[in-house]
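Novice: Dumping the structure here so I can ask a few things about it.
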Amino acid sequence: MVFSYKLKKNDQQRFVPMIIRLLAFLIGMTFVFAPWAGATGLIRSSVANVNLNGPDHELLQTIARRLGKELVMMPAPFRRRLALMKNGDIDLMVGLLRRPDRETYIHYIDPPYKKRSDTVFIVRRENRDLINTYEDLGNLRIGVIIGAKYFPEFDGNPRLLKDAVPKDNMNMKKLLRGRIDAMIHPEFAGIDLINRMGANGRVTIAPYRISRQKHVYIGVSKKSPLMSGMNRIQKEIGQMVEDGTILALLTEYYEKRGLPVPAF
């Protein structure tokens, strides 16, 4: 006996996109995790789903072209990406901090391609000069993320008026509506948030910032077939860092979109 069911229009609108996304996911899994996916002609990598069109993806594409390989991507959260690197299910990652436990399964490529990680205050564009010094924070309502740590002087000051929410996009919405005066955020992630929410042109980064040295690396899984060609990979990526190729690529990414260019 055969049963059939004709989807109503509302059901089609709900379920067809879900089915398409599921098929795309399964096809991606086939390409990324098949045994031959790590062959010499491919580089398997991953970024967060929200960054599939972001600067990290563009950097990975450039690296793949430089090495004469095809890039295959599968979006995943950061912890999942580390697990994929540990198992050799992806070959290469960007945006890595150097940690002793990670060095057991990741080969870090020197030199680091970023050397700074600034904490900044995002304000509405008409208030671009609102925060020039730490003291300027005193009378402002500042959006923060619940449980997040920014810098000791800020975190430990009970006199500052902090408006805490669970997600960064909630702070951005409050800022755009004038319900807070500023929001504090790591610079790179903050600029990506501005871009994702279409807020460039309406918000900007205030002059006052906290600068910290933080080396960020490109890494290769020690279980990847790429390890057999590490001398060339080290040479090519190292040259891209030293001759300014990566800096120019990232700078162009932000400038083309009318976004603030972060400090590298």
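Residue numbers for the sequence shown follow my numbering, so the first one is 0 and each next one is one higher.
Every residue gets a Cβ at the ideal spot worked out from N, C-alpha and C, and that includes glycine.
Remember, predicted model here, so these are calculated numbers, not experimental data.
1. Classify residue 69: buried if its beta carbon has 16 or more other beta carbons within 10 angstroms, exposed otherwise.
2. Locate the alpha helix (DSSP H) running through residue 183, then write down its first and last residues.
3. For residue 148, which of helix, strand or coil comes out of DSSP?
4. Pull up the distance between the alpha-carbon of residue 242 and that of residue 249, whole angstroms please.
5. Look at residue 184 and residue 162 and say whether their C-beta atoms are less than 8 Å apart.
6. Using the Cβ count rule (16 or more neighbours within 10 Å means buried), how would you classify residue 188?
7. I'd like the ranges of any beta strand (DSSP E) spanning at least 3 consecutive residues and lying wholly in the stretch 187-241.
8. Can you tell me whether residue 213 is buried or exposed? The criterion is at least 16 other CB atoms within 10 Å of its CB, across all chains shown.
9. List the endpoints of the continuous alpha helix (DSSP H) containing residue 264.
10. At what residue ranges does the stretch 83-153 contain a whole run of the beta strand (DSSP E), taking only runs of 3 or more?
11. Leaving out the 5 sequence neighbours to the left and right, which residues in its chain are closer than 6 Å to residue 179 when beta-carbon positions are compared?
12. Between which two residues does the beta strand (DSSP E) holding residue 160 run?
13. Return the chain-ordered list of same chain residues with a C-beta closer than 7 Å to the C-beta of residue 48, the five sequence neighbours on each side being excluded.
14. Excluding sequence positions up to five away, which residues of its chain have a Cβ less than 6 Å from the Cβ of residue 170?
15. Does the distance from the CB of residue 199 to the CB of residue 129 come in under 8 Å?
16. For residue 45 and residue 92, what's the separation of their Cα atoms in angstroms?
17. Tell me whether residue 51 sits in a helix, a strand or coil according to DSSP, three-state version.
18. Using a Cβ-Cβ cut-off of 6 Å (strictly less than) and excluding sequence neighbours within five positions of residue 87, which residues of its own chain qualify?
19. So, are the CB atoms of residue 105 and residue 84 less than 8 Å apart?
20. For a quick check, are the C-beta atoms of residue 204 and residue 121 less than 8 Å apart?
21. Give the single residue among 111, 94, 260, 245 whose Cα lies nearest to the Cα of residue 78.
22. How far does the beta strand (DSSP E) with residue 72 in it reach, from first residue to last?
23. Just to confirm, is the Cβ distance from residue 115 to residue 262 under 8 Å?
24. Check the C-beta distance from residue 193 over to residue 62 and give it rounded, since I have them as a contact under 8 Å.
25. Between the Cα of residue 41 and the Cα atoms of 51, 119, 137, 89, which residue gives the shortest distance?
26. Could you say which of 238, 211, 207 lies nearest to residue 217 if we only look at CA atoms?
Specialist: Quick answer:
1. Taking the sequence shown and counting its residues from 1, one reaches residue 69 at position 70. By the 10 Å Cβ count, residue 69 comes out exposed.
2. Translated into positions along the sequence shown, residue 183 becomes position 184. Careful: residue 183 lies outside any alpha helix (DSSP H), inside the beta strand (DSSP E) at 181-185.
3. For the purposes of this step, residue 148 is taken as the residue at position 149 of the sequence shown. In this structure, residue 148 counts as coil in the three-state DSSP scheme.
4. Position 243 of the sequence shown, counted from the first residue, corresponds to residue 242. Position 250 of the sequence shown, counted from the first residue, corresponds to residue 249. Each residue's Cα considered, the two are about 14 Å apart.
5. Numbered from its first residue, the sequence shown carries residue 184 at position 185. Numbered from its first residue, the sequence shown carries residue 162 at position 163. Contact flag unset, no.
6. Here residue 188 refers to the residue found at position 189 of the sequence shown. If you draw a 10 Å sphere on the C-beta of residue 188, you find fewer than 16 other C-beta atoms in it, and that means exposed.
7. You should have 202-209, 212-220.
8. To locate residue 213, count along the sequence shown from 1; it is residue 214. Exposed, since its Cβ has fewer than 16 Cβ neighbours within 10 Å.
9. The chain is shown from 0 up to 263; residue 264 falls before or after that span and cannot be answered.
10. Complete beta strand (DSSP E) runs here, min 3: 91-95, 105-115, 118-123, 140-144.
11. In the sequence shown, residue 179 corresponds to position 180, counting from 1. Answer for residue 179: 140, 142, 162, 173, listed in chain order.
12. Position 161 of the sequence shown, counted from the start, is the residue given in the question as residue 160. First-last of the beta strand (DSSP E) with residue 160: 160-164.
13. Numbered from 1 along the sequence shown, position 49 holds the residue referred to as residue 48. Closer than 7 Å at Cβ, skipping near neighbours: 74.
14. Taking the first residue of the sequence shown as 1, we reach residue 170 at position 171. Excluding sequence neighbours, residue 170 sits near 142, 164, 182.
15. Position 200 of the sequence shown holds residue 199. Position 130 of the sequence shown holds residue 129. No, the Cβ-Cβ distance between residue 199 and residue 129 is not below 8 Å.
16. As a working mapping, residue 45 is identified with position 46 in the sequence shown. As a working mapping, residue 92 is identified with position 93 in the sequence shown. Computed Cα separation, rounded: 7 Å.
17. Position 52 of the sequence shown, counting from 1, holds the residue named residue 51. Residue 51 falls in the coil class under three-state DSSP.
18. Counted from its first residue, the sequence shown places residue 87 at position 88. Only 220, 222, 223 meet the Cβ criterion.
19. Residue numbering aside, residue 105 sits at position 106 when the sequence shown is read from its first letter. Residue numbering aside, residue 84 sits at position 85 when the sequence shown is read from its first letter. Less than 8 Å separates the beta-carbon of residue 105 from that of residue 84.
20. Position 205 of the sequence shown, counted from the start, is the residue given in the question as residue 204. Position 122 of the sequence shown, counted from the start, is the residue given in the question as residue 121. Result yes, Cβ atoms of residue 204 and residue 121 sit closer than 8 Å.
21. Translated into the one-based positions of the sequence shown, residue 78 becomes position 79. When C-alpha distances from residue 78 are compared across 111, 94, 260, 245, the shortest belongs to 94.
22. Looking up residue 72 in the sequence shown gives position 73. Start and end: 69-72.
23. Taking the sequence shown and counting its residues from 1, one reaches residue 115 at position 116. Taking the sequence shown and counting its residues from 1, one reaches residue 262 at position 263. Cβ atoms of residue 115 and residue 262: closer than 8 Å.
24. To locate residue 193, count along the sequence shown from 1; it is residue 194. To locate residue 62, count along the sequence shown from 1; it is residue 63. Contact doesn't hold; Cβ gap of about 25 Å is too wide.
25. If you number the sequence shown from 1, residue 41 lands on position 42. Among 51, 119, 137, 89, the Cα nearest to that of residue 41 belongs to 89.
26. Walking along the sequence shown from the start, residue 217 turns up at place 218. Residue 238 is the option with its Cα nearest to residue 217.
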